[in-house]
Amino acid sequence: MKLTVNGKAVEWPAESGTLSDLVQHYRLRPNLVIAEVDGRVVRREEWPNVALADGMTVELVQFVGGG
Amino acid sequence: MVEKDAALETLAEQDPLVIGGRRLSSRLFLGTGRFPNPLVQKQAVAASGAEVLTFAIRRIDLEAANDDAILTHFEGGSWIYLPNTSGARTADEAVRIARLARASGLSDWIKVEISADSKTLLPDPLETLRATERLVKEGFVVLPYTSDDPILCKRLEEAGAAAVMPGGSPIGTGLGILNPYNLGLIVEEAKVPVIVDAGLGSARDAAQAMELGASGVLVNTAVARARDPVRMALAMRKAVEAGRLAWLAGRIPPRKYASASSGYESLMIR
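Residue numbers (my numbering), protein chains in the order written: chain A, 1 to 67; chain B, 68 to 337.
Below, the structure is given as structure tokens:
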């Protein structure tokens with residue numbers, strides 16, 4: 001299926017998967033990641049329940065240095 | 068010497084800053100952008116004594132995994148995280164970033180920062196007010212970065228801002244406090260803490276802000292881009308303390324002509 005992750009087109013190789021799988025795929029430390037799916041914030045505890053779907057837009061963001 | 072320092076400590080305890088129900092002992096807020104490297108940043112944060120640290124929210128570089136995750140350098144600390152909505156140009160965008168920031172689980176504080184002009188990065192007053200109203204309703208502790216406009220600061224306070232953060236001058240310029248008169252009016256009228264944010268260049272600017280009656284200051288570039296960020300962090304800390312003490316102590320009014328420190332009544336030569 002085709003996803004858009006952080007603005008880039010991504011071909012997700014599996015038939016299915018969850019938001020947790022996606023975060024794991026990028027080897028991110030979950031406690032440092034904030035996720036948004038199709039414009040809606042998804043809290044960390046909800047990630048395993050969010051099934052990836054064709055055409056989904058995902059943003060994976062974090063705290064960075066700033067004033 | 069030790070006794071004197073203890074007295075100062077007590078003074079600080081008697082004069083805490085309270086924002087969003089949190090009691091702060093440091094009136095210096097520190098930004099975390101633009102430091103030369105993580106080690107210097109960490110040392111500067113320690114030297115500053117700051118309890119409130121600001122951050123921005125940005126996309127993770129998925130090719131570089133967690134290499135650039137700033138929070139790995141702050142694990143185990145007891146700082147209050149103040150994420151900002153920098154990059155937002157509208158209230159909608161700021162609200163979106165604020166919700167993301169809160170989903171970190173680290174903080175429900177948010178610094179509303181909405182700039183519509185890339186040259187000056189000056190805050191958009193109308194969008195800032197709109198975002199503040201909405202985020203207060205959503206339960207955030209909202210600290211809007213705002214123009215140094217006394218009426219706007221009042222409106223932000225009425226909208227439920229936990230503190231107002233007027234800029235001294237545009238972000239990163241180091242031009243200091245361009246309108247001390249306005250800042251004085253803001254302090255006079257405000258019922259919430261006034262944190263002077265943006266544009267401060269050195270210790271004297273921080274001291275000036277505090278002597279004008281500000282409750283605190285937020286600095287980033289002035290520290291991060293100083294030749295020695297760690298020393299400048301310490302300088303800012305001392306300037307904020309000195310300025311606060313001077314404000315509490317009450318300065319003498321300036322006068323045009325000299326007034327002798329010793330009287331002439333008992334002078335022996337006339």
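All C-beta atoms in this analysis are idealised placements derived from N, C-alpha and C, irrespective of residue type, glycine included.
query                                                                                       : result
Where B:R337 falls, given that 16 or more other Cβ within 10 Å makes a residue buried       : exposed
Proximity winner among A:E36, A:G7, A:G17, relative to A:P48 (alpha-carbon distances)       : A:G17
Closer than 8 Å to chain B by CB, A:N6                                                      : yes
Beta-carbon proximity check, B:M303 vs B:A273, cutoff 8 Å                                   : yes
Extent of the continuous beta strand (DSSP E) to which B:L285 belongs                       : 283 to 286
B:D215 in three-state terms, based on DSSP                                                  : coil
Whether B:V284 touches B:L95 by CB criterion (8 Å)                                          : yes
Sub-8 Å separation of B:M232 and B:I262 beta-carbons                                        : yes
8 Å Cβ cutoff, A:V61 in contact with chain B                                                : yes
A:K2 beta carbon less than 8 Å from that of A:G55                                           : yes
Beta-carbon proximity of B:K223 to B:T199, cut-off 8 Å                                      : Reading off the sequence, residue 223 of chain B comes out as Leu, not Lys. Going by C-beta atoms, B:L223 is nearer than 8 Å to B:T199.
Interfacial residues, the stretch 37 to 48 of chain A to chain B, with Cβ spacing under 8 Å : G39, V41, V42, R43, R44
Bridge-paired residues (DSSP) for B:I124                                                    : A:F63
Contacts of A:G17 in chain B (Cβ-Cβ under 8 Å)                                              : Chain B residues near A:G17: none, gap ~16 Å exceeds 8 Å.
Three-state secondary structure (DSSP) of B:N249                                            : helix
Those residues which DSSP pairs with A:R40 across a bridge                                  : A:V37
Among B:R201, B:D184, B:K186, B:R294, nearest to B:P103 - alpha-carbon criterion            : B:R294
Exposure label - B:M68; buried when at least 16 CB within 10 Å                              : A caution first: B:M68 carries a pLDDT of 44, below 50, which makes its placement in the model too unreliable to give a value.
Contact set between B:P150 and chain A, taken where Cβ atoms lie within less than 7 Å       : F63
Under 8 Å (Cβ pairs) to chain A, residues found in the stretch 93 to 116 of chain B         : G98, T99, G100, R101, F102, Q108
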